[in-house]
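For reference, the structure discussed in these notes is given below.
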Amino acid sequence: MKALISSQQRRAKIYARIFVTAAFAVLGLSLLVLVLLFADLVMQGLPRLSTAFLTSFPSRFPEQAGILSAWVGSLCVVLLCMLFAIPVGIATAVYLEEYMNKSWYNSWIEICLGNLAGVPSIIYGLMALGLFVYQFDLGASVLTAGLTLSLLVLPIVIVSARESIRNVPDNLKEAAYALGASKLQMLRHHQIPYAQSGIFTGVILSLSRALGETAPLLTIGALTFIAFLPQTPFQDTFPWINFNWLGDPYTVLPIQLFNWTSRPQTEFHQNAAAASLILVTLTVLLNLTAIVLRNRSRRKYQW
Amino acid sequence: MRSPFKRALEFVVERLLGLAATLSVGITFGILFILFREAIPFFEHVTLKEFFLDTQWSPLFSPARYGIVPLLVGTLVTTLIACTFAIPAGIMVALLLSEYVPNRVRVWLKPIIELLAAIPSVVFGYFALLVVTPFLQKLIPELQGFNRLSAGLVLGLLILPYMASLAEDAFKSVPRSLREASYALGANRFTTAFGVVVPASFSGLSSAAILAISRALGETMVVAIAAGMLPSMSLNPLEPSATVTAYIVQVSLGDLPHQSIGYQSIFAAGLMLSLVTFSLNIVAHRIKLRRMERSDG
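Residue numbers (our numbering), protein chains in the order written: chain A, 1 to 303; chain B, 1 to 297.
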């Protein structure tokens with residue numbers, strides 16, 4: 001009996017060792033591959049990074065090409081996307097957590113929301129092609145791109161905002177009600193401020209996603225070669241600001257990078273590496289901020 | 001008593017918030033509606049029989065052939081390669097994180113894995129085409145410049161963090177008491193992990209695997225960049241092939257007139273893709289719901 005148990009235990013121990021080794025090997029290998037990716041980007045791309053690279057338009061000549069129109073385009077599109085996705089996302093989250101009662105309609109909202117998070121991004125692009133580009137006749141413009149990306153990141157904003165709103169303890173809400181606050185006052189002065197760092201985390205994550213998204217913008221006709229910037233929103237005459245830039249064609253960083261990657265010449269591949277380096281640095285920094293913020297807020301509020 | 005204005009404000013705000021929430025229903029139906037509307041003219045031109053049974057896809061050339069099967073084959077082969085790697089690897093990493101490593105290691109490992117998910121897919125595409133393929137060509141000389149193997153492997157790397165975090169959620173939902181019961185019977189960590197935690201989270205793991213598959217099916221940039229644009233019926237991972245998503249990208253890069261058959265064909269392809277991913281997501285959701293009901297009771 002004793003021998004039996006100990007032989008079983010010995011076998012379990014061997015299996016355990018095999019498993020742990022294999023799991024660490026898988027993890028290590030994946031991380032190693034990513035380190036290699038980063039090293040390759042740095043080696044290929046770093047020599048190309050210069051102010052000229054940031055301030056030049058794309059060109060047929062790889063050594064003169066830059067990402068000016070790409071980063072300006074990315075900035076405009078992502079800004080517009082956030083302008084739309086943040087209010088709608090937070091409003092949806094507040095409704096779902098605080099106002100929703102269990103009716104058939106609200107369970108539809110839940111189901112649709114769950115589904116939207118799993119829709120491939122290129123499908124959003126096709127939808128936007130049919131709806132924004134042709135139905136609403138917005139064309140391949142900054143506005144179309146911003147709207148498309150905002151639909152795409154909406155589930156991310158909603159899910160994280162819901163979670164942080166839900167995590168605000170009930171006794172804080174009840175305290176507000178006990179002092180005579182209305183529901184709206186309670187939300188405005190208590191629940192949303194307390195949930196704000198969680199909401200902000202979700203916003204940063206969605207920003208990072210919007211920045212790197214390529215496929216849906218390709219289907220709605222982002223151009224790969226743009227040698228001009230959107231029109232400036234400022235003007236000399238009243239009302240000193242205009243929104244003509246919303247209708248301008250654009251390109252974004254990931255699309256510029258896609259274009260350079262798919263060209264045969266190695267010089268363009270170096271440009272692609274340089275653009276990737278910038279893009280990856282931005283998205284990784286954004287996600288890092290989100291992670292740090294989340295950990296800090298967890299420590300700050302010990303409900 | 002509150003002033004009527006304030007009461008009206010409360011009402012208006014509630015309605016506005018409800019309207020925002022309705023948008024997600026609107027988008028879901030909008031997607032299906034637009035895909036169907038734009039794809040229906042395609043199916044007036046092409047019979048369903050041709051669409052599903054023909055083995056050639058060349059809507060933009062003459063003679064035009066409209067068999068979706070080659071695109072599906074390409075999608076399935078790359079997804080299979082990706083998931084063969086990512087599903088077991090994701091489960092292993094998740095098990096390591098949730099059952100093995102001490103807390104101080106986990107607080108470092110978990111963010112690193114989350115950061116992997118931050119890398120844009122187009123960068124993974126660059127990596128597959130310009131780093132992984134040349135490297136693999138040294139090992140397998142007959143590997144072509146565009147191939148499914150490196151696209152599939154890099155795709156696996158891309159969905160690994162996603163799979164790992166879903167699997168970890170599944171493991172986390174296993175009640176602590178089950179683990180403690182196992183330890184109380186004298187089991188070690190390995191026996192607890194594989195004898196108790198994995199079987200108890202089986203439905204959660206299946207739901208996670210389905211979501212990962214659905215993600216791999218719909219991923220676009222890696223396959224569009226690294227797997228090539230040539231529709232092919234071959235199953236050989238060393239050869240190039242177009243996937244459903246890569247075809248949509250290929251057509252979008254050209255300037256196709258609205259209402260042309262090429263334009264309609266990307267909606268037909270997109271409709272196929274979204275019907276498949278929609279159903280997979282619903283199945284995954286159902287499995288998860290059933291698990292939650294069971295563990296409640």
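Just so you know, even glycine gets a beta-carbon here, dropped at the ideal spot from N, CA and C.
Owing to the predicted nature of the structure, the values given are computational and were not obtained by experimental measurement.
The beta carbons of F51/B and Y66/B sit closer together than 8 Å. With contacts defined by Cβ atoms closer than 8 Å, T219/A and L129/A form a contacting pair.
Beta-bridge analysis with DSSP links W57/B to Y66/B. Interface annotation, M186/A: not in contact with chain B, CB-CB separation never under 8 Å. Pairing E267/A with A275/A, the inter-Cα distance amounts to about 13 Å. Collapsing the DSSP output to three states places I86/A in a helix. DSSP, read as helix, strand or coil, puts D248/A in coil. Scanning K288/B, P240/B, P88/B, L238/B for the CA closest to the CA of A170/B turns up K288/B.
Burial check for E180/B: the Cβ neighbour count within 10 Å stays below 16, so the residue is exposed.
Proximity of chain A to M92/B at the Cβ level (cut-off 7 Å) is accounted for by A22, A23, V26, in chain order. Your pair V153/A and R188/A does not check out as a contact, with CB atoms roughly 25 Å apart and the cut at 8 Å. Around the beta carbon of T78/B, a 10 Å sphere encloses 16 or more other beta carbons of the protein chains shown; the residue is thus reported as buried. Counting along the chain, the unbroken alpha helix (DSSP H) around A178/A starts and ends at 170-178.
Within the stretch 264-292 of chain A, contact with chain B at the beta-carbon level (separation under 8 Å) is assigned to H269, A272, A273, S276, L279, V280, T283, V284, L286, N287, L288, I291. An exposed status is given to E174/A, since fewer than 16 other beta-carbon atoms sit within 10 Å of its beta-carbon. Residue-level contact by beta carbon holds for E14/B and chain A, with a gap shorter than 8 Å. With its beta carbon at least 8 Å from every one in chain B, Y194/A lies outside the interface.
Around L293/A, the same chain offers S197, F200, T201, I204 as residues with beta carbons nearer than 8 Å, after the five sequence neighbours per side are excluded. For F258/A, the closest Cβ of chain B is nearer than 8 Å. When the five nearest sequence neighbours on each side are left out, the beta carbons in the same chain lying within less than 8 Å of the beta carbon of V197/B are those of L95, S98, E99, F171, V174, L178, R179, in order along the chain.
Here F61/A carries a coil assignment [DSSP, helix/strand/coil]. Looking at V131/B, Y126/B, K110/B, E239/B, the one whose alpha-carbon comes closest to that of Y162/B is K110/B. The criterion of a C-beta distance shorter than 8 Å is satisfied by A39/B and Q264/B.
In this structure, the alpha-carbon of F202/B lies about 14 Å from that of A164/B.
Cβ neighbours of V88/A within its own chain (closer than 7 Å, five residues either side excluded): L154.
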